[in-house]
Amino acid sequence: MTDPSIVPIKLHARAWDARGATLLPVVVGLNSRAVAWHRDRLITQAEFIAEVSRIAASLPASGSMINLCEDRYNFLATYVAGLTVRHEVLLPPSRVEQVVGEIASLHPGSYRIEDEDRGATLALASSPIALHIEADAIAMLGYTSGSTGQPSAQLKRWRALHASAALNGASIRRVIGLAEQDSAAIVATVPPQHMYGMELSVLLPLIGGMAVHSGRPLFPADVARALSEIPEPRVLVSTPVHLRAMVQSNQVFPRISLIVSATAPLDRVLANAVETKLQAPLLEMFGSTETCVIATRRPSQDDAWNIYEGVTLEPTAEGTRVDAPWFHRSVMLQDILELANTNQFTVRGRNADMIEVAGKRASLADITRRLLAIEGVEDAAVFQPDQTEVGTIYRVAAAVVAPSLTTRHIHAELAKGVDPAFLPRPLILVESLPRNDVGKLPRDKLLELLALGRVKL
Amino acid sequence: MAALQSASELELAQLIVTSLNLEGVQPTDIEPEAPLFKTGLGLDSIDALELSLEISKRYGFQIRSDDENNVRIFSSLRSLAEHIQQNKADR
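Here the protein sequences come in this chain order: U and Z.
Under my numbering, the first residue of the first sequence is numbered 1117, with each subsequent residue one higher.
Under my numbering, the first residue of the second sequence is numbered 149, with each subsequent residue one higher.
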């Protein structure tokens, strides 16, 4: 094995192992290029590889890595270390203990990696690591809270993530007007464990020729500071919730070349406001944990989405079947997409069960199940009230039948297994739920109940 | 029954309840020393973002979290109210 610190890797370099299996690099670019900025300190690819090799040497001999790192640079380094030793990397949808525990129980022998763990590896000596892995290696298991009650895993092979990075990188470069070898620096407000955060803030710096800021800024002033710590051209990877806050603030932002938004739909009004405030084009991405990003649009100009080359969509009665040569199998999306032609679609309906807030994802059915599991809860319904304004945070609401419990107790119990972003608000206690003859809960009746609950307070 | 809130704490408590639509919570119910986030009121980062906008509108300064004071500032109604008193723009 050669010394990792002196091997320059060409963009899109491929190799083959002794048995002829295709290998793909875990990091792509020159050793002198920037992979990340920790605050305003540049971390070169050579430093990054040395770091990865120290972490790899410190990992358990076997097992699956549950990566809980919040610092994006720590996430990048521990993730790649896991890849190089072929440990399955598990990405939980939330840091909530019950959720992480459920995933751990599905993978006996799994171990957790957190920000503090990386500090312990700094004193270790680095040892050579394999910087190419099999194209078919399992590169991550992304978990979503499934409506069935069990967290469901989305398996991604390294070749699929390479394809995703190439497509996303090309679409970003096209809007900014960059050549294929040109870098850009990314600030992201979404967690690396979410598929969108993984694609835009982990894969692009690793194998897409870009670099990323290690922070996850929340407030507009934090976003402005993080942007000021990286060089141009700057790309801001964010969500409608965060972007709306930036528009409403009187914060001044450094020059940005491109804003990327995903996780929830953005309308033309907010898109125009964002482009005016930040003086940059806004590119919206359409995707899912199951498919990765499959299409983009400029919401200030277009209603239709432009489908990535190679992706095929097939509308069916149950939803839309999505396929691409790099998928290991086709994916059925619950969203109803209408094909305008082979390259474009418009969205006619979204999956009503899955909800997303600022890069976190949950299932209404899963929250309902956890409510019903609380001792003393007899019946429960979780639903989303109508959204009044795009980009506003709209919480899920719940109506619960629990004669012996208080809302405070129910909230506290639910918080053990549900991310705070999805704790129902309001959660109203009722004598019974307005179920119809077949036991279903008509949405209009639930909304009436909610309106009544509000009046009473 | 909550411990006694100062005038600035009550004002902030009212802002929290109205801007975050905390139905069922009375401003006077918010304990000055109790945690606002995760446990306690159970607020999350999105609430913090919403709250920061209201604070900047009303008090004329931008909340930022990327310093070591982050945890302390948002730890309770009292510490957030103190932070506002120290930073608010003179009007």
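Cβ atoms here follow ideal geometry from the backbone N, Cα and C, with glycine treated the same way.
| message | So U/S1479 contacts chain Z; which residues on that side make the cut at Cβ distance below 7 Å? | response | Within the first sequence, the letter at position 363 stands for residue 1479 of chain U. In chain order: nothing, as chain Z lies at least about 18 Å away.
| Buried or exposed (CB count within 10 angstroms, at least 16 for buried), U/S1520 | The sequence position of residue 1520 of chain U within the first sequence is 404, counting from 1. Classification for U/S1520: exposed.
| Which residues in chain U sit within 9 Å of Z/R206, going by Cβ to Cβ distance? | If you number the second sequence from 1, residue 206 of chain Z lands on position 58. Within 9 Å Cβ-Cβ: nothing; Z/R206 doesn't reach chain U, min ~13 Å.
| request: Rank U/P1349, U/A1440, U/D1383, U/P1370 by C-alpha distance to the C-alpha of U/R1360 and give the top, closest one. | output: As a first step, residue 1360 of chain U is located in the first sequence; it is residue number 244 there, counting from the start. Closest option to U/R1360, Cα to Cα, is U/D1383.
| For Z/I232, does the count of other Cβ atoms within 10 angstroms reach 16, so buried, or fall short, so exposed? | In the second sequence, counting from the first residue as 1, residue 232 of chain Z sits at position 84. That one is buried.
| Cβ-based neighbour list, U/A1378, same chain, cut-off 6 Å, excluding 5 preceding and 5 following | Here residue 1378 of chain U is taken as the residue at index 262 of the first sequence, counted from 1. Y1312, M1401, listed in sequence order.
| message | Out of U/L1398, U/G1293, U/H1154, U/L1146, which one is the CA nearest neighbour of U/A1162? | response | Position 46 of the first sequence, counted from the first residue, corresponds to residue 1162 of chain U. Answer by Cα proximity: U/L1146.
| field | Three-pair Cβ contact test at 8 Å for the segment 1333-1344 of chain U versus the segment 190-201 of chain Z | value | yes
| request: Step through the CB atoms of chain Z and report whether any lies within less than 8 Å of the CB of U/F1335. | output: Taking the first sequence and counting its residues from 1, the one referred to as residue 1335 of chain U is at position 219. Yes, U/F1335 counts as interfacial toward chain Z.
| request: Measure the Cβ-Cβ separation of U/A1300 and U/M1326 and say whether it is below 8 Å. | output: Position 184 of the first sequence holds residue 1300 of chain U. Position 210 of the first sequence holds residue 1326 of chain U. Against a cut-off of 8 Å, the Cβ pair of U/M1326 and U/A1300 comes out as a contact.
| query | From U/H1527, U/A1496, U/D1418, pick the residue whose C-alpha is nearest to that of U/T1462; which is it? | reply | As a first step, residue 1462 of chain U must be located in the first sequence, where it is residue number 346. It is U/D1418.
| task | Closer than 7 Å by C-beta to U/D1231: which residues in its own chain qualify, once you throw out the five before and the five after it? Chain order, please. | result | Sequence index remark: in the first sequence, residue 1231 of chain U carries index 115 (1-based). Hits under 7 Å: C1185, E1186, D1187, N1190.
| said: Between Z/A196 and chain U, is the shortest Cβ-Cβ distance under 8 Å, so that the two count as touching? | reply: The sequence position of residue 196 of chain Z within the second sequence is 48, counting from 1. So yes, Z/A196 belongs to the interface.
| Listed from N- to C-terminal order along the chain, which residues in the segment 1335-1361 of chain U have their beta-carbon within a distance smaller than 8 Å of any beta-carbon of chain Z? | F1335, P1336, A1337, D1338, R1341, A1342, V1357, H1358, A1361
| said: Is U/S1365 close to chain Z? Criterion is C-beta to C-beta, closer than 8 Å. | reply: Position 249 of the first sequence, counted from the start, is the residue given in the question as residue 1365 of chain U. Output row for U/S1365: interface = yes.
| request: Say whether chain U places a C-beta atom closer than 8 Å to the C-beta of Z/S223. | output: By 1-based counting over the second sequence, the position of residue 223 of chain Z is 75. With 8 Å as the cut-off, Z/S223 does not count as an interface residue toward chain U.
| request: Closer than 9 Å by beta-carbon distance: list the chain Z residues that pair up with U/P1536, in chain order. | output: As a first step, residue 1536 of chain U must be located in the first sequence, where it is residue number 420. Ordered by position in chain Z, the residues that pass the 9 Å Cβ test against U/P1536 are F185, K186, G190, L191, D192, S193, I194, D195.
| task | With DSSP as the reference, please indicate the residues paired to U/Q1270 in a beta bridge. | result | Translated into positions along the first sequence, residue 1270 of chain U becomes position 154. Note: U/Q1270 sits in a beta bridge opposite U/G1258.
| task | Spell out whether any CB of chain U is found under 8 Å from the CB atom of Z/I211. | result | Translated into positions along the second sequence, residue 211 of chain Z becomes position 63. Chain U, which has a Cβ nearer than 8 Å to the Cβ of Z/I211, makes this yes.
| task | Decide if the segment 1241-1251 of chain U is in contact with the segment 1196-1216 of chain U; the criterion is three or more beta carbon pairs, one per stretch, under 8 Å apart. | result | yes
| message | Run through the DSSP bridge pairs and tell me what U/E1547 is partnered with. | response | To locate residue 1547 of chain U, count along the first sequence from 1; it is residue 431. BP columns for U/E1547 are empty, so no partner.
| Where does U/H1310 fall in DSSP's three states? | Along the first sequence, read from residue 1 onward, the residue named residue 1310 of chain U stands at position 194. If DSSP states are grouped into helix, strand and coil, U/H1310 belongs with coil.
| said: I need the DSSP call for U/E1400, collapsed to helix, strand or coil. | reply: Numbered from 1 along the first sequence, position 284 holds the residue referred to as residue 1400 of chain U. Three-state result, U/E1400: strand.
| Using the beta-carbon count (16 or more within 10 Å), is U/N1183 buried or exposed? | As a first step, residue 1183 of chain U is located in the first sequence; it is residue number 67 there, counting from the start. Per the 10 Å Cβ criterion, buried.
| task | Put U/T1428 into one of helix, strand or coil per three-state DSSP. | result | Locating residue 1428 of chain U in the first sequence gives position 312, where the first residue counts as 1. Strand.
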